[in-house]
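Undergrad:
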Amino acid sequence: MERRDIFPRLSSLNIEGCPKLTSLHCLQSIRELSTKGCSETVLESVSNLHTLTSLEIWNNDDLASFPDGFLHNLTIVKSLKISGFTKLQYSQSNMLVGRTALEKLSISSCYTLECFSTGIFQGLISLKEIRIENCRKLKSLSDSFGDLSALKSMEMRLCEELETFPNGLNNLSSLQHLILKGSWMAALPENLQHLPALKHMLISGFPYLEKLPDWLGDLTSLSSLYIMFCPNLEYLPTSIQCLTNLQSLDITNCLKLVERCKKGIGEDWHKIAHVPRIDVR
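Heads up, the sequence shown is in the working numbering, so the first residue is 820 and it goes up one at a time.
(1) Can you pull the DSSP bridge partners for residue 874?
(2) Helix, strand or coil, according to DSSP, for residue 1099 in the structure here?
(3) Mapping the DSSP letters down to three states, classify residue 825 as helix, strand or coil.
(4) Within the same chain, show all residues whose beta-carbon is closer than 6 Å to that of residue 1043, passing over the 5 residues directly before and after it, in chain order.
(5) With burial defined as no fewer than 16 other Cβ atoms inside 10 Å of the residue's Cβ, what is the status of residue 1002: buried or exposed?
(6) Is the beta carbon of residue 860 closer than 7 Å to that of residue 896?
(7) Please return the same chain residues whose Cβ sits closer than 6 Å to the Cβ of residue 1098, not counting the five positions on each side in sequence.
(8) In three-state DSSP terms, what is residue 1067?
(9) Among 977, 945 and 992, whose alpha-carbon lies nearest the alpha-carbon of residue 795?
(10) Count the other CB atoms within 10 Å of the CB of residue 904; is the residue buried (16 or more) or exposed (fewer)?
(11) Could you tell me which residues DSSP pairs with residue 1045 in its beta bridges?
(12) Residue 821 to residue 844, Cα distance in whole Å?
(13) Among 955, 1087 and 943, whose alpha-carbon lies nearest the alpha-carbon of residue 934?
(14) Between residue 864 and the rest of its own chain, which residues show a CB-CB distance below 6 Å, the 5 nearest in sequence each way excluded?
(15) Does DSSP put residue 835 in a helix, in a strand, or in coil?
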């Protein structure tokens, strides 16, 4: 395994269930790598795979943090997925520094992760998609989140304890898709109101949400809005009438809104009558 020319044409590799594997130094032409359950020494060797454009690392129940220097030499990586690091407590602030080519980032099932380091998202000038899912202890996002000026799609799923969004979200001038699913928040964060390019928004699984904010009407580029599984949501804001570009409105399993949004007779019908496609169930 010390030879550096083993598998010189290998471009894609999936590694799973190899507990004695200690290094990947020999894979000098690899472009796509997926590993499940690999050791810390394997992760350390990943930093030497300069040709990587896609990296997926799954299922590690031992590491509380990533190895020092992890990812530092992966200057052309475009897609990064981290999932199933069940004891991960924090992320180094410099972990993603220099990842200017990174376009997609997914972090999921890191059950003990409570926060991101202050500057972790700085310099990610090409990042277009971010997905954070099933990080149930996550309470806050880094203030550097506002630096993601190229971001077009953002998904936050099953991060129940997330309490707030960072300042600077008004810098996300390219954001078009927003999914918020599974949260204990009683109100949508005000930081979300300054998203001028937002076209598609989904709000789902907010059991304590009783009302939508008036600033919803400021999202004037919105063309589709999905509101799902919000059992205590009582009414729609009057400002929803300002969403003149809204083409599709779906309201699902929000029982208190069913009667209010009945066509022609519901108390909130006049607020949404201008929308071409409405589905309330």
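Don't be surprised by glycine CBs; every beta carbon is placed ideally from N, CA and C.
If you're wondering where the values come from, they're calculated on a predicted model, not measured in any experiment.
TA: On the basis of the supplied data:
(1) Walking along the sequence shown from the start, residue 874 turns up at place 55. The partner list for residue 874 (beta bridge, DSSP) reads 852 and 899.
(2) Reading the sequence shown from its first residue, position 280 is the one you call residue 1099. It is a strand residue.
(3) Locating residue 825 in the sequence shown gives position 6, where the first residue counts as 1. Residue 825 falls in the coil class under three-state DSSP.
(4) One-based indexing of the sequence shown puts residue 1043 at position 224. 1019 and 1067, listed in sequence order.
(5) As a first step, residue 1002 is located in the sequence shown; it is residue number 183 there, counting from the start. Residue 1002 comes out buried.
(6) One-based indexing of the sequence shown puts residue 896 at position 77. One-based indexing of the sequence shown puts residue 860 at position 41. No, they are not a contact pair.
(7) Locating residue 1098 in the sequence shown gives position 279, where the first residue counts as 1. Closer than 6 Å at the Cβ level, and outside the excluded window around residue 1098, lie 1069.
(8) To locate residue 1067, count along the sequence shown from 1; it is residue 248. Strand.
(9) For residue 795 there is no data in the structure shown, the boundaries of the chain being 820 and 1100.
(10) Counting from 1 along the sequence shown, the entry for residue 904 is found at position 85. Answer is buried; the Cβ neighbour count reaches 16.
(11) One-based indexing of the sequence shown puts residue 1045 at position 226. DSSP output for residue 1045 lists 1021 and 1069 as bridge partner(s).
(12) The sequence position of residue 821 within the sequence shown is 2, counting from 1. The sequence position of residue 844 within the sequence shown is 25, counting from 1. Its pLDDT being 49, under 50, residue 821 is placed unreliably in this model, and the value from its coordinates should be taken loosely. If you take the alpha carbons of residue 821 and residue 844, they lie about 8 Å apart.
(13) If you number the sequence shown from 1, residue 934 lands on position 115. The shortest C-alpha separation from residue 934 is found at 955.
(14) As a first step, residue 864 is located in the sequence shown; it is residue number 45 there, counting from the start. Taken in chain order, the residues that qualify are 842, 843 and 844.
(15) The residue you call residue 835 lines up with position 16 of the sequence shown. Here residue 835 sits in strand by DSSP.
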